[in-house]
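Remarks on the structure that follows.
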Amino acid sequence: MDNRSAQAQGIRHGTPPATTRAPAPTPAVDRLCLVTAAVLIVSGLAHLLVFAVDGGPWYGPVSWRKPVTFGLSFGVTLLAVAWVTSYVSVSARLRSALLTVFALDCVVEVGGITLQAWRRVPSHLDMETPFDTAVSMTLAVGGGVLVVLLTVFAVASFRRPPSGPAGMPLAVRSGFAILLVGLVSGAAMIARGVVLTRTGHQEAAYHSTAPLKPLHGVSLHAVLVLPALAWLLARTPWDAAVRRRIVGMAVGAYGAAVAGAAVWALVTY
Numbered sequence: 634m635d636n637r638s639a640q641a642q643g644i645r646h647g648t649p650p651a652t653t654r655a656p657a658p659t660p661a662v663d664r665l666c667l668v669t670a671a672v673l674i675v676s677g678l679a680h681l682l683v684f685a686v687d688g689g690p691w692y693g694p695v696s697w698r699k700p701v702t703f704g705l706s707f708g709v710t711l712l713a714v715a716w717v718t719s720y721v722s723v724s725a726r727l728r729s730a731l732l733t734v735f736a737l738d739c740v741v742e743v744g745g746i747t748l749q750a751w752r753r754v755p756s757h758l759d760m761e762t763p764f765d766t767a768v769s770m771t772l773a774v775g776g777g778v779l780v781v782l783l784t785v786f787a788v789a790s791f792r793r794p795p796s797g798p799a800g801m802p803l804a805v806r807s808g809f810a811i812l813l814v815g816l817v818s819g820a821a822m823i824a825r826g827v828v829l830t831r832t833g834h835q836e837a838a839y840h841s842t843a844p845l846k847p848l849h850g851v852s853l854h855a856v857l858v859l860p861a862l863a864w865l866l867a868r869t870p871w872d873a874a875v876r877r878r879i880v881g882m883a884v885g886a887y888g889a890a891v892a893g894a895a896v897w898a899l900v901t902y
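If you read the sequence shown in the working numbering, its first letter stands for residue 634, the second for the next number, and so on.
See the structure below:
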């Protein structure tokens with residue numbers, strides 16, 4: 634008996650025809666990440682307006698650039714990680730726990746940076762007063778927490794192939810691997826800056842981060858760019874083999890950009 638005959642017989646006997654299963658509800662942790670990311674992005678855009686009104690330098694340890702760029706970057710990264718981890722083979726409970734801590738940590742990082750911008754003092758590597766030291770160390774510890782959380786997701790993506798359309802497993806794994814490069818470069822900036830600060834070279838500490846900033850910035854967003862490419866390619870009529878090749882070429886190009894930024898950091902460090 635075919636499907637139409639079965640449905641017709643069901644109607645005659647008072648049984649409703651089979652319907653398409655409703656999509657699963659969005660987990661609470663995904664809603665939390667979405668709302669938190671939106672707040673961070675709005676905060677970054679709002680401080681862009683503050684900069685337009687208040688003026689001041691765009692570069693340097695004390696500027697409106699930091700709440701703008703960190704708000705936007707953390708917001709976009711939180712969205713990306715929440716989405717990409719839906720393809721990673723981890724338990725729902727572990728994913729929810731890690732993403733909840735990650736979202737809270739993003740708020741702490743952006744909140745501390747924004748607070749110091751309004752106080753007109755540096756957010757990182759500032760140990761002039763006990764309060765500034767507490768903020769600076771909180772941001773450093775928060776950065777360490779980010780490294781641990783994202784490393785867990787990265788390891789999980791390599792233990793079992795991520796799900797998704799053609800090219801997505803490679804995109805997710807490569808995105809997390811490159812993201813870890815960005816986190817390591819960020820940790821290196823903080824570590825060198827703290828050493829210079831504690832040895833009495835405060836001004837040098839602020840300038841010491843410049844060589845690693847391109848590497849840090851480029852690496853952070855691979856976890857969004859590469860999976861987004863795989864997702865978009867799945868909407869094309871190209872076959873799976875072609876889509877996998879395109880993702881592979883994109884990974885190679887992104888890796889070359891990261892390598893170039895790393896060479897620049899080594900030359901100028």
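The C-beta atom is built at its ideal place from N, Cα and C for all residues, glycine as well.
Remember, it's a predicted structure, so these values are computed and weren't measured experimentally.
Contact between leucine 857 and alanine 671 is absent: CB atoms are separated by about 16 Å, not below the 8 Å threshold.
Rounded to whole angstroms, the separation of the alpha carbons of alanine 873 and alanine 661 is 33 Å.
Counting other Cβ atoms within 10 Å of its Cβ, tyrosine 692 stays below 16 and is therefore classed as exposed.
When only Cα atoms are considered, tyrosine 887 and serine 696 end up about 30 Å apart. Leucine 783 places its beta carbon less than 9 Å from that of leucine 813.
Under a 10 Å Cβ-count criterion, alanine 843 is classified as exposed, with fewer than 16 other Cβ atoms of the shown protein chains found around its own Cβ. A residue is called buried when at least 16 other Cβ atoms come within 10 angstroms of its Cβ; valine 880 meets this threshold and is buried. In the same chain as glycine 688, and ignoring 5 residues on each side of it, no C-beta atom comes closer than 8 Å to its own. Following the DSSP letters along the chain, one finds glutamate 742 inside the alpha helix (DSSP H) bounded by residues 725-751.
Excluding its 5 nearest sequence neighbours in each direction, valine 717 has C-beta neighbours in its own chain below 7 Å: Val805, Gly808, Val856 and Pro860, listed in chain order. Under a 10 Å Cβ-count criterion, alanine 715 is classified as buried, with 16 or more other Cβ atoms of the shown protein chains found around its own Cβ. Distance from the CA of alanine 821 to the CA of proline 870, rounded to the nearest whole angstrom, comes to 44 Å.
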